[in-house]
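FYI, in our numbering the residues of the sequence shown are 1 to 118. Ideal placement from N, C-alpha and C gives every residue a C-beta, glycine not left out. The structure appears below as structure tokens.
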Amino acid sequence: QVQFVESGGGLVQPGGSLRLSCAASGIIFSSYTEAWYRQAPGKQRELVASITGGTNTYVVGSVKGRFTISVDNAKNTLYLQMNSLKPEKTAVYYCNVRNPAGFLLGSWGQGTQVTVSS
């Protein structure tokens, strides 16, 4: 069973930074595309960033240049460095893994709450 444990969220002021972590079990990260998603109150879950093969990264346009995704395959842990945070980025952040066909391979974890507020 593929499971994820997200951590690193919290309350941060606008312009601040956070580093999220996602520890996975039941799957080897290096074989798939790992991704971060977020779900804001009242909205659908959406993709934030993904990484394939440890180096091929994608970040949605609204956070490009401010968010960085990375993976430590030895620790089977995914990271999301978030800088210059804005209040509209307040959401619960989740990680998951996709196979080459685009299907999600894991159950959604509890996520980690990120609140950007002064």
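Neighbourhood of residue i by C-beta, 8 Å cutoff - its chain only, sequence neighbours within 5 removed
i: residue 105; result: 2, 27, 32, 96, 97, 98 and 99
Helix, strand or coil at residue i according to DSSP, with G and I counted as helix
i: residue 21; result: strand
i: residue 30; result: helix
i: residue 8; result: coil
i: residue 60; result: coil
i: residue 116; result: strand
i: residue 13; result: coil
i: residue 35; result: strand
i: residue 77; result: strand
i: residue 1; result: coil
7 Å Cβ shell around residue i - same chain, five flanking residues per side excluded
i: residue 91; result: 38, 39, 40 and 114
i: residue 84; result: 15 and 66
i: residue 8; result: 18, 19, 20, 21 and 112
i: residue 58; result: 49 and 50
i: residue 46; result: 37 and 38
i: residue 73; result: 29, 30 and 54
Segment limits, beta strand (DSSP E) that includes residue i
i: residue 85; result: From DSSP, residue 85 is part of no beta strand (DSSP E); its letter is neither H nor E.
i: residue 68; result: 67-72
i: residue 91; result: 91-98
i: residue 49; result: 46-52
Nearest neighbour of residue i, chosen from the options [CA to CA]
i: residue 6; options: 12, 25 and 13; result: 25
i: residue 60; options: 76, 54 and 35; result: 35
i: residue 56; options: 118, 71 and 4; result: 71
Per DSSP, the bridge partner or partners of residue i
i: residue 104; result: 98
Own chain partners of residue i with C-beta closer than 6 Å, once the 5 adjacent residues on each side are dropped
i: residue 81; result: 19 and 68
i: residue 11; result: 115
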